[in-house]
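Going left to right, the sequence shown walks through residues 195 to 376 as our numbering numbers them. Backbone N, C-alpha and C fix where the C-beta goes; we use that ideal spot for every residue, glycine too.
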Amino acid sequence: MAGTEVKGIANSTRVNGEIRSQKIRLIDQDGEHVGVVDFARAMSMAGEAGLDLVEISGASDPPVCRIMDYGKYRYQLNRKEREARKKQHSGGLKEVKFRPNTDTHDYNFKMKHAREFLESRHKVKATVVFRGRQMAYKDQGYDLLDRLSADVEDLAQIERQPVMEGKFLTMILAPRREKNTR
């Protein structure tokens with residue numbers, strides 16, 4: 195099993211006969227430190243207990259090995275990795291673009307999309323694009339973004355306040371943290 199791929203985890207842990215050292219530092223199934231013993235004695239102790247001899251730290255001299263159920267150990271490692279992946283949020287940044295004179299129906303349509311993005315835990319970059327003489331009406335852009343932030347207030351918090359960047363007025367909304375129900 196050494197060096198094989200086990201359900202997404204690169205498994206470099208040596209088990210039983212794969213351990214190369216003749217002397218090992220042994221920890222028994224109860225977590226008690228036994229000391230430095232011969233590999234053959236450690237294997238017989240693991241066999242008597244009906245468990246595996248697993249190399250925990252191969253870098254030390256002698257390597258540290260533990261008597262344990264390897265299948266259970268591997269399952270727990272997989273489970274920890276799955277939990278860590280679940281906690282990692284890979285949601286990207288979605289953008290919704292407006293114009294300063296965006297009509298009500300168009301605004302509602304884009305606001306609905308912004309809500310969907312926030313519900314699926316993505317950040318939303320709301321952008322108001324100004325062209326030509328529209329730059330004279332920046333206040334309409336600020337009003338539009340204020341209205342948007344009020345409409346999605348239950349789902350989002352403002353991560354970055356509205357800022358003019360050239361001919362774009364941008365604001366970033368981040369999904370609110372979920373409250374623990376326990």
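How should residue i be labelled, buried or exposed, when 16 other C-beta atoms within 10 angstroms of its C-beta is the threshold for buried?
i	result
Glu-359	exposed
Gly-335	buried
Val-248	buried
Arg-276	exposed
Met-237	buried
Lys-280	exposed
Met-394	In the structure as shown, the chain begins at 195 and stops at 376. Residue 394 is therefore absent and cannot be evaluated.
Ala-308	buried
Asp-246	buried
Thr-357	Before going on, a small fix: residue 357 reads as Val here, not Thr. Val-357 is exposed by the Cβ-count criterion.
Phe-324	buried
Lys-306	exposed
Val-200	Reliability fails at Val-200, whose pLDDT of 46 lies under 50, so the model's placement of it is uncertain and no value is given.
By DSSP, does residue i sit in helix, in strand, or in coil?
i	result
Ser-251	strand
Ala-196	Bear in mind that the predicted position of Ala-196 carries a pLDDT of just 46, short of 50, making it too unreliable to give a figure here.
His-316	coil
Glu-242	helix
Glu-277	helix
Arg-260	strand
For residue i, write down the residues that DSSP places opposite it in a beta bridge.
i	result
His-299	BP columns for His-299 are empty, so no partner.
Glu-289	Lys-319
Lys-217	Asp-232
Met-237	BP columns for Met-237 are empty, so no partner.
Leu-363	Val-322 and Met-358
Val-209	Val-248
Ala-368	Gln-351
Any contact between the stretch 211-223 and the stretch 249-264? By contact I mean 3 or more CB pairs, one from each, below 8 Å. Enough Cβ pairs lie closer than 8 Å, so yes.
Would you check if there are 3 or more beta carbon pairs closer than 8 Å linking the stretch 346-360 to the stretch 288-302? These segments do not touch.
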